[in-house]
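> Under the UniProt record's numbering, residue 497 is the last one in the sequence shown; the count climbs by one each step, no gaps.
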Amino acid sequence: MALRKTKKSSGATVCCRQGCKKCSLWGKSFRAWLRYDSSNGTHGTYPKYGDRPLQALAPDQKIKHHKIEGRGSLRNIHSSDWSKSFEKYLRHVNCPFRIQDQQEVIDWLLGLAVRLEYGDNAEKYKGLLPDNTKNADSVEALINLDENNPDLKAGVMALANFLQIQHLNGYLIRLSCIKFGCYNLTDNGLGHAFVQEIGSLRALNLSLCKQITDSSLGRIAQYLKGLEVLELGGCSNITNTGLLLIAWGLQRLKSLNLRSCRHLSDVGIGHLAGMTRSAAEGCLGLEQLTLQDCQKLTDLSLKHISRGLTGLRLLNLSFCGGISDAGLLHLSHMGSLRSLNLRSCDNISDTGIMHLAMGSLRLSGLDVSFCDKVGDQSLAYIAQGLDGLKSLSLCSCHISDDGINRMVRQMHGLRTLNIGQCVRITDKGLELIAEHLSQLTGIDLYGCTRITKRGLERITQLPCLKVLNLGLWQMTDSEKVSLLFSLKPWNSTREIF
Numbered sequence: 001m002a003l004r005k006t007k008k009s010s011g012a013t014v015c016c017r018q019g020c021k022k023c024s025l026w027g028k029s030f031r032a033w034l035r036y037d038s039s040n041g042t043h044g045t046y047p048k049y050g051d052r053p054l055q056a057l058a059p060d061q062k063i064k065h066h067k068i069e070g071r072g073s074l075r076n077i078h079s080s081d082w083s084k085s086f087e088k089y090l091r092h093v094n095c096p097f098r099i100q101d102q103q104e105v106i107d108w109l110l111g112l113a114v115r116l117e118y119g120d121n122a123e124k125y126k127g128l129l130p131d132n133t134k135n136a137d138s139v140e141a142l143i144n145l146d147e148n149n150p151d152l153k154a155g156v157m158a159l160a161n162f163l164q165i166q167h168l169n170g171y172l173i174r175l176s177c178i179k180f181g182c183y184n185l186t187d188n189g190l191g192h193a194f195v196q197e198i199g200s201l202r203a204l205n206l207s208l209c210k211q212i213t214d215s216s217l218g219r220i221a222q223y224l225k226g227l228e229v230l231e232l233g234g235c236s237n238i239t240n241t242g243l244l245l246i247a248w249g250l251q252r253l254k255s256l257n258l259r260s261c262r263h264l265s266d267v268g269i270g271h272l273a274g275m276t277r278s279a280a281e282g283c284l285g286l287e288q289l290t291l292q293d294c295q296k297l298t299d300l301s302l303k304h305i306s307r308g309l310t311g312l313r314l315l316n317l318s319f320c321g322g323i324s325d326a327g328l329l330h331l332s333h334m335g336s337l338r339s340l341n342l343r344s345c346d347n348i349s350d351t352g353i354m355h356l357a358m359g360s361l362r363l364s365g366l367d368v369s370f371c372d373k374v375g376d377q378s379l380a381y382i383a384q385g386l387d388g389l390k391s392l393s394l395c396s397c398h399i400s401d402d403g404i405n406r407m408v409r410q411m412h413g414l415r416t417l418n419i420g421q422c423v424r425i426t427d428k429g430l431e432l433i434a435e436h437l438s439q440l441t442g443i444d445l446y447g448c449t450r451i452t453k454r455g456l457e458r459i460t461q462l463p464c465l466k467v468l469n470l471g472l473w474q475m476t477d478s479e480k481v482s483l484l485f486s487l488k489p490w491n492s493t494r495e496i497f
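1) Starting from Asp444, follow the beta strand (DSSP E) in both directions and report where the run begins and ends.
2) Please work out which residues of its chain come closer than 7 angstroms, Cβ to Cβ, to Ala434, disregarding the five sequence neighbours upstream and downstream, and give them in chain order.
3) Can you tell me whether DSSP reads Leu340 as helix, strand or coil?
4) Looking at Ala247 and Val229, is the spacing between their C-beta atoms short of 8 angstroms?
5) Check whether the Cβ atoms of Leu342 and Leu317 lie closer than 8 angstroms to each other.
6) For Ser344, tell me which candidate among Asp325, Thr449 and Val368 has the shortest Cα-Cα distance.
7) Have a look at Cys464 and Gln439 and give me their C-alpha separation to the nearest angstrom.
8) Hey, how far is the Cα of Ile269 from the Cα of Leu243?
9) Taking 7 angstroms as the cut-off, is the CB of Lys303 close to at least one heavy atom of the ligand COA?
10) Rounded to a whole number of angstroms, what is the C-alpha to C-alpha distance between Gln292 and Leu258?
11) Would you mind giving the Cβ-Cβ distance between Ser396 and Asp372, rounded to the nearest angstrom? I have them listed as a contact below 8 angstroms.
12) In its own chain, which residues sit with a C-beta less than 6 angstroms from the C-beta of Lys428, not counting the 5 before and 5 after it?
13) Please state whether the Cβ-Cβ distance between Leu312 and Leu289 is less than 8 angstroms.
14) Considering only C-alpha positions, which residue in the set His304, Gly191, Leu201 and Ser236 is nearest to Thr209?
15) According to DSSP, is Ser373 helix, strand or coil?
16) Between which two residues does the alpha helix (DSSP H) carrying Asn405 extend?
17) Leaving out five residues on either side along the sequence, give the residues of the same chain with a beta carbon under 7 angstroms from the beta carbon of Thr298.
18) So which of Arg219, Ile198, Gln196 and Ser200 has the shortest CA-CA distance to Thr186?
19) Tell me the residue span of the beta strand (DSSP E) that contains Val467.
20) Considering Cα atoms alone, identify which of Asn405, Thr310, Cys261 and Leu232 is closest to Ser360.
21) When the Cα of Gly249 is compared with those of Leu256, Gln222 and Gly233, which residue comes out closest?
22) How about Cys448 and Ile419: do their beta carbons lie closer than 8 angstroms?
23) Quick one: measure Cβ to Cβ for Leu417 and Ile443, integer angstroms, because I've assumed they're closer than 8 angstroms.
24) Buried or exposed: Gln421, going by 16 or more other Cβ atoms within 10 Å of its Cβ?
25) Of the choices Lys88, Ser260, Tyr89 and Leu245, whose alpha-carbon is the least far from that of Ser278?
26) Tell me, to the nearest whole angstrom, how far the beta carbon of Gly375 is from that of Ile399; I am working on the premise that it is less than 8 angstroms.
27) So which of Ser83, Leu430, Ile425 and Leu389 has the shortest CA-CA distance to Gln410?
28) What is the DSSP secondary structure of His398, counted as helix, strand or coil?
29) Report the residue from Leu201, Gly233, Asn188 and His333 whose alpha carbon sits nearest the alpha carbon of Ser215.
Below, the structure written as structure tokens:
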């Protein structure tokens, strides 16, 4: 099939033929996938998994890599054992998510379906270069689409309605968000995708694309200057140079996820914050920054952040073992910061919490779970200087009823309290919580082994409580049901687990 370029597609390669079978297939697939039978509450005649239909799994081409003896039971969608067959299928195709992670499983399986249906002849086109695409056959079915095909248009419209996206006149050239679920994506592949400026693109998700390097970040910085959200979690080959390229090119960036990018150091964070000579202005418009599990970062990174990224609203430093109490002193005067995650930061103690409380922070969310040096004194500091918190997580911290007593009297606006695995908490602490924290909607008591039914009975009387986690607490199913109905006032949205 010969290819041509159209003016309307701004250089995008599309099919030359009207009525292309692949375009029709994808348009009809969109509509079939979204078809909803409101009379019985199911998507067509296929089983429903969470809120997403499973029609994409039914045809042979979607399950052909499953072992033969398992295909029959997977196709038998009305069987009472279908869910077990589906779980076996997930294991067989090495799905990285649990069956409980419904949306992630469906997204991953749809990506698998695309790869199985269109990837079998990939070797044939491995050496294809941009220079000879004019005489090449169409193989990239998701790229080589006839945008004038009526089935494609109808499918895109149906998808837009389903996702509640505003209708666009140009279906291919006004792309605003891309999520790559391809764990084998390389710099070479991404290089073919971005060969010209795409000013409309606002969000790019490359999470777990572990082969991506600084080279791709250079191309992104060059061609995607309007980007506002960049997800790089798990891209373990990215270095400080990549952050320098981001600082140069992505001046509009508002959210950046660098989870588990373990080559990054204080130098890279300095680039982002515009604190190094080579970084120009940096990404000073950042509002959300995730640095979870970036093991090389130290307190110097927090100094860079506090000086350069003054508009930051969310900062995730969980599992960053290199930061200490001294680093929190730098953060204590960031007036825009609303959410701070210090989960499993082993060197954070009561002194660090004091720094936060004595500053000018206006936090609404704080997580210091598994910081075993945080104790009752921290709760006193929190009550004194961070009393505007809506969410507080203290799981596995060294706190007791005494600390709860010092905190709750000043924290009347608290909505969520997580104190799971705080083994020194007793019924007395729960009674204090029930007496003073009347706005609580959720509480985590997982592994609190010293509480009894008496304390739980007090907690269940909280008027706004919707979520109660009692994991590892010895209770029969009938007792959980009884406890659920004792919640005052009871309603169907409440949950005990």
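Glycine included, C-beta positions come from ideal geometry on N, C-alpha and C.
Well, looking at it:
1) By one-based count along the sequence shown, residue 444 stands at place 444. From DSSP, the beta strand (DSSP E) with Asp444 extends over Gly442 to Asp444.
2) Here residue 434 refers to the residue found at position 434 when the sequence shown is read from its first residue. Excluding sequence neighbours, Ala434 sits near Arg458, Ile459, Gln461 and Leu462.
3) Residue mapping note: residue 340 aligns to position 340 of the sequence shown, counting from 1. Note: Leu340 maps to strand in three-state DSSP.
4) The count along the sequence shown starts at 1 and reaches residue 229 at position 229. The count along the sequence shown starts at 1 and reaches residue 247 at position 247. In this structure, Ala247 does not lie closer than 8 angstroms to Val229 by Cβ.
5) The residue labelled residue 342 in the question sits at position 342 within the sequence shown. The residue labelled residue 317 in the question sits at position 317 within the sequence shown. In contact: Leu342 and Leu317 (Cβ atoms closer than 8 angstroms).
6) Residue mapping note: residue 344 aligns to position 344 of the sequence shown, counting from 1. For Ser344, the nearest C-alpha among the options comes from Val368.
7) Residue numbering aside, residue 464 sits at position 464 when the sequence shown is read from its first letter. Residue numbering aside, residue 439 sits at position 439 when the sequence shown is read from its first letter. Taking the straight line from one Cα to the other gives about 6 angstroms.
8) Within the sequence shown, the letter at position 269 stands for residue 269. Within the sequence shown, the letter at position 243 stands for residue 243. Those two C-alpha atoms are separated by around 7 angstroms.
9) Looking at this structure, you won't find the ligand COA or any other ligand, since it has none at all.
10) Position 292 of the sequence shown, counting from 1, holds the residue named residue 292. Position 258 of the sequence shown, counting from 1, holds the residue named residue 258. Near 7 angstroms, if we compare the C-alpha coordinates of Leu258 and Gln292.
11) The residue given as residue 396 occupies position 396 in the sequence shown. The residue given as residue 372 occupies position 372 in the sequence shown. Ser396 to Asp372, Cβ: 7 angstroms. Contact.
12) As a working note, residue 428 is residue 428 in the sequence shown. Result list for Lys428: Asp401, in chain order.
13) The residue labelled residue 312 in the question sits at position 312 within the sequence shown. The residue labelled residue 289 in the question sits at position 289 within the sequence shown. Yes, these two residues count as a Cβ contact at 8 angstroms.
14) For this step, residue 209 is matched to residue 209 along the sequence shown. Going by the sequence as given, residue 209 is Cys instead of Thr. Of the listed residues, the one whose Cα sits closest to Cys209 is Ser236.
15) Sequence index remark: in the sequence shown, residue 373 carries index 373 (1-based). Note on residue identity: the sequence assigns Lys, not Ser, to residue 373. It is a strand residue.
16) Locating residue 405 in the sequence shown gives position 405, counting from the first residue. First-last of the alpha helix (DSSP H) with Asn405: Asp401 to Val408.
17) Residue numbering aside, residue 298 sits at position 298 when the sequence shown is read from its first letter. Only Asp266, Gly322 and Ile323 meet the Cβ criterion.
18) By one-based count along the sequence shown, residue 186 stands at place 186. Residue Arg219 is the option with its Cα nearest to Thr186.
19) Within the sequence shown, numbered from 1, the residue matching residue 467 stands at position 467. Where Val467 is concerned, the enclosing beta strand (DSSP E) stretches over Val467 to Asn469.
20) Position 360 of the sequence shown, counted from the start, is the residue given in the question as residue 360. Nearest of Asn405, Thr310, Cys261 and Leu232 to Ser360, Cα basis: Thr310.
21) Walking along the sequence shown from the start, residue 249 turns up at place 249. Among Leu256, Gln222 and Gly233, the Cα nearest to that of Gly249 is on Gln222.
22) Position 448 of the sequence shown, counted from the first residue, corresponds to residue 448. Position 419 of the sequence shown, counted from the first residue, corresponds to residue 419. Going by C-beta atoms, Cys448 is nearer than 8 angstroms to Ile419.
23) Locating residue 417 in the sequence shown gives position 417, where the first residue counts as 1. Locating residue 443 in the sequence shown gives position 443, where the first residue counts as 1. With 8 angstroms as the limit, Leu417 and Ile443 qualify as a contact, their Cβ atoms being about 5 angstroms apart.
24) Numbered from 1 along the sequence shown, position 421 holds the residue referred to as residue 421. With 16 or more other Cβ atoms within 10 Å, it is buried.
25) Position 278 of the sequence shown holds residue 278. Of Lys88, Ser260, Tyr89 and Leu245, the residue nearest in Cα terms is Leu245.
26) As a first step, residue 375 is located in the sequence shown; it is residue number 375 there, counting from the start. As a first step, residue 399 is located in the sequence shown; it is residue number 399 there, counting from the start. 6 angstroms between Cβ atoms; contact.
27) Along the sequence shown, read from residue 1 onward, the residue named residue 410 stands at position 410. Comparing Cα-Cα distances from Gln410 to each of Ser83, Leu430, Ile425 and Leu389, the minimum goes to Leu389.
28) Here the question's residue 398 lines up with position 398 in the sequence shown. His398 falls in the strand class under three-state DSSP.
29) Indexing the sequence shown from 1 puts residue 215 at position 215. Cα-wise, what sits closest to Ser215 is Asn188.
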